[in-house]
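Protein chains in written order, with this note's numbering: chain A, 98 to 260; chain B, 11 to 85; chain C, 334 to 642; chain D, 27 to 443. Before any comments, here is the structure.
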């Protein structure tokens, strides 16, 4: 009558189609942040929302409050929001951030080396990387309706990592 | 009529396509300067509108920069 | 939820390495399990939990006459401006309605006017159901924060979300209080259990799972021996084996499909789901019930641990 | 619930639950859209030496009305006073004209350019609705009306921009139509007829259509270039009802009579427009060239060069030079010889061969975080053939093209609120 299924056996039921090949490893990098270097390799085991932004890009700015919420909401479940800034001059970033204290990590890539590695085609572009370090989603632009879609995809990967 | 236009057209086409040959793909993160207000094709739309109105009322030529805008009895 | 005045008393007892706090709310026995030596802390957390449960019961019970739900249900077609918390729940209810393609609907409560699940053979006739169904459906109301406008005769009932919401809210409050008390990320884990709707914040010391006996009086004995071993997550049950109708040998479950006004055919007696948190678990269990025969397939596809009766 | 959708329900629920429990509702979050107004205001003083004076306050307000959707409202009010040439040639005697409305007479001294004196005002209103239908397509719909005492103009236009090539190239296509109604006090005179005896007709109208194709290309990190082609057709009453012309004696050059001007009732124009914006280290250069030609025989070249020189963080200076040159319309002359007045004839100096030079300077300064103040001063000089070779008799001693000198002062203030 009743059934008791283990988490492990159920994890395989997830075969949600993703635009990126599930086997593609996210290129590793190491970038400076205000609190020292951060590398993608060090975030293995976490789901990473990797966002590329610049202070002069309007939709990037619009995504900031949302990324802040996202980080706060899913921190306990193992999400790391890593926003890579691509401004060439530090003064613009400071001006933009001002009094804002985002709850997520901001890394600096003024020469766009990591952006190049990830073959960005527009701004903002974000990638969702699963707990195994695989690139699972790429998303270009940021519009209001993207919020829910992105968050659901993130949630899905968080679920994959176990309850 | 096309023959009459020819010198100017050729001149413009030359400028455009010669520079077009030197197009460098600008990476998305290198478009900071292009994003500045002062780099817009029309940095001050109000001034552009007022100027278009003045010159329309004093000269025989009009248009080119864009479409739209109302007429007036000034010409 | 009960019409009986809320019994606002709590009791705290020490068990094997943890404290158990108990009180009564939302017509259910409620408890919190806290792994701490600090009895003052345990007492304080119990009070927070009980206060939150009582607050939510008072605010969203459809049996009271002094709350927002009553105000909405007696608005006679006029718009009602609601507070942010209610707005959040309405948004949530709207989303659940979308996700279930109209099968989960907080306006479906008025169907009870013709469906009385008392074990008898009182099956309503088709015109009766049709008449009531005219006052059912999220698509018939207007919702734009902060204004909710129902058509005259419509009602909402947050009972299908309330208890699970209370569990998850309580967990948040307790975590905050713990963080404040311990001045750091709390490594003290606990369990909130409001009448079988459960949230476990993390494993016991030594990475041991919490063992929760599912003492569900509704479950006709089968689950009473059931035990859940859980390290983290939410558990919720949907269903009630005692509420049904039987006529001409057909058993009508109490799960009504608001898109038809009739009981869902071949629904399980009860569905229990484990998910990320209690609301998620509760909603998945409810959605599964609404799937009728497809309940198990639905839950398998969702990739969550579950059991059905 | 269809089977395919089922897998995502759990994730969707988790997100909804998370949103609910974090206390920020979804509807609230969508309202975070910036709903402030961007306001641009300006007052323009335009003054021609011995001629027209214009004061034009103007305002434009833009606001987001949805995501990637904007509405812009525009208003210009013009107040005009002064005099403008009526088209008649100067002669060696005083000339007397009855004003178009027939209310007053005007006397022009010998050797002077005859003018009408007038006072008018104009109100122009416009609205733009701009919307992105996708990440790479942007549409703009515009409507404009303009009203003077004796003139009404209404225009509609639609424009679409496509971003291509990772947004390095934008192509645009636009279509515009307009309808103008000319209704001078006392009616429109019959074109080409003798001023003294011309029939007076009712209101007259003209219509126009224009299409534009453009390409904008990012050349490199510092350079942006645009090339547009526009074709415009107009038809109907294309005359200026107030412009007259002098019919002169073939021997002496003395004025024998005045006729109302008569232009063809259609006009077809082609325009090529090229613009470049170049970013130096801080400064920005704007350079444009326009070639215009129509089937009236007018060809023109316009070069406009502006250099924005940054004065530190907050302010800039922008000198500008504009050069314009046009050939005359086939049917233009300063005056026409008696007995050989062609079917189409006009002595409107704006249809004459001429050059125009504008020199200007603008100063702009940021005020606070999102406001800017600017002032610009420009001087325009228009000159044509004042002693044309076909001048007859004493006309050879007269100035047959009245030079125009105009000064523009504009104060602007932009802010967000």
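Virtual Cβ for every residue (Gly too), placed ideally from N, Cα, C. Predicted model only: the values in this text are computed from it and were never measured.
For the beta strand (DSSP E) containing residue i, list its first residue and its last residue.
i                      : result
residue 111 of chain D : 95 to 111
residue 68 of chain D  : 63 to 74
residue 89 of chain D  : 79 to 92
residue 252 of chain D : 249 to 262
residue 292 of chain D : 292 to 305
residue 398 of chain D : 397 to 410
Could you check whether residue j and residue i sit closer than 8 Å to each other, using their CB atoms as the reference points?
i                      : j                      : result
residue 229 of chain D : residue 264 of chain D : no
residue 41 of chain D  : residue 252 of chain A : yes
residue 241 of chain A : residue 93 of chain D  : yes
residue 356 of chain C : residue 495 of chain C : no
residue 326 of chain D : residue 70 of chain B  : yes
residue 610 of chain C : residue 501 of chain C : yes
residue 347 of chain D : residue 403 of chain D : no
residue 65 of chain D  : residue 82 of chain D  : no
residue 157 of chain A : residue 214 of chain A : no
residue 621 of chain C : residue 631 of chain C : yes
residue 392 of chain D : residue 353 of chain D : no
residue 309 of chain D : residue 333 of chain D : yes
residue 235 of chain A : residue 222 of chain A : yes
residue 462 of chain C : residue 447 of chain C : yes
What does a CB cutoff of less than 6 Å around residue i pick up in its chain, not counting 5 residues either side in sequence?
i                      : result
residue 299 of chain D : 254 and 316
residue 262 of chain D : 231, 232 and 233
residue 320 of chain A : This structure leaves residue 320 of chain A out entirely; chain A is present only between 98 and 260.
residue 217 of chain D : 265, 286 and 288
residue 145 of chain D : 107
residue 346 of chain C : 353
With a CB to CB cut of under 7 Å and the five nearest residues on each side skipped, what residues in its chain are close to residue i?
i                      : result
residue 163 of chain A : 244
residue 55 of chain D  : Confidence in residue 55 of chain D is poor, its pLDDT being 42 and thus under 50, which makes the residue's placement too unreliable to answer from.
residue 419 of chain C : 401
residue 58 of chain D  : Confidence is the limiting factor: at residue 58 of chain D the pLDDT is only 44, short of 50, which leaves the residue's position unreliable and the question unanswerable from this model.
residue 211 of chain A : 126, 128 and 181
residue 558 of chain C : Since pLDDT at residue 558 of chain C reaches only 46, below the 50 mark, its modelled position is unreliable, and no value is offered.
Provide the residue(s) that pair with residue i in DSSP beta bridges, ordered along the chain.
i                      : result
residue 363 of chain C : C/356 and C/527
residue 425 of chain D : Paired residues: none, contrary to the question.
residue 59 of chain B  : Partner(s): none; residue 59 of chain B has no beta bridge.
residue 337 of chain D : D/341
residue 620 of chain C : None; residue 620 of chain C has no bridge partner.
residue 186 of chain D : D/165 and D/199
residue 480 of chain C : C/414 and C/477
residue 276 of chain D : Paired residues: none, contrary to the question.
residue 246 of chain A : None, per the DSSP bridge assignment.
residue 145 of chain A : A/177 and A/226
residue 380 of chain D : D/352 and D/410
Can you give the beta carbon distance from residue i to residue j, rounded, assuming they're within the 8 Å contact cut?
i                      : j                      : result
residue 176 of chain D : residue 83 of chain B  : 6 Å
residue 415 of chain C : residue 423 of chain C : 7 Å
residue 483 of chain C : residue 410 of chain C : 7 Å
residue 218 of chain A : residue 192 of chain D : 5 Å
residue 202 of chain D : residue 179 of chain D : Their Cβ separation, rounded to whole angstroms, is 12 Å, which puts residue 202 of chain D and residue 179 of chain D out of contact at 8 Å.
residue 131 of chain A : residue 152 of chain A : Not confirmed; about 15 Å, so no contact.
residue 284 of chain D : residue 221 of chain D : 4 Å
I'd like the list of long-range same chain contacts for residue i, defined as Cβ closer than 8 Å, with 5 residues on each side in sequence excluded.
i                      : result
residue 53 of chain D  : With a pLDDT of 39 at residue 53 of chain D, under the threshold of 50, the predicted position of this residue should be treated as unreliable, and no value is reported.
residue 378 of chain C : 354, 365, 367, 507, 510, 511 and 523
By the DSSP assignment, the alpha helix (DSSP H) with residue i in it spans what residues?
i                      : result
residue 582 of chain C : From DSSP, residue 582 of chain C is part of no alpha helix (DSSP H); its letter is neither H nor E.
residue 419 of chain C : 417 to 432
residue 210 of chain A : 210 to 214
residue 640 of chain C : Run containing residue 640 of chain C: none in the alpha helix (DSSP H); it sits in the beta strand (DSSP E), 639 to 641.
residue 160 of chain A : 155 to 171
residue 513 of chain C : 492 to 515
residue 403 of chain C : 401 to 406
residue 191 of chain A : 187 to 194
residue 374 of chain C : 372 to 393
residue 43 of chain D  : 35 to 47
At a Cβ threshold of 8 Å, is residue i touching chain G?
i                      : result
residue 159 of chain A : Absent from the structure: chain G. Protein chains present are A, B, C and D.
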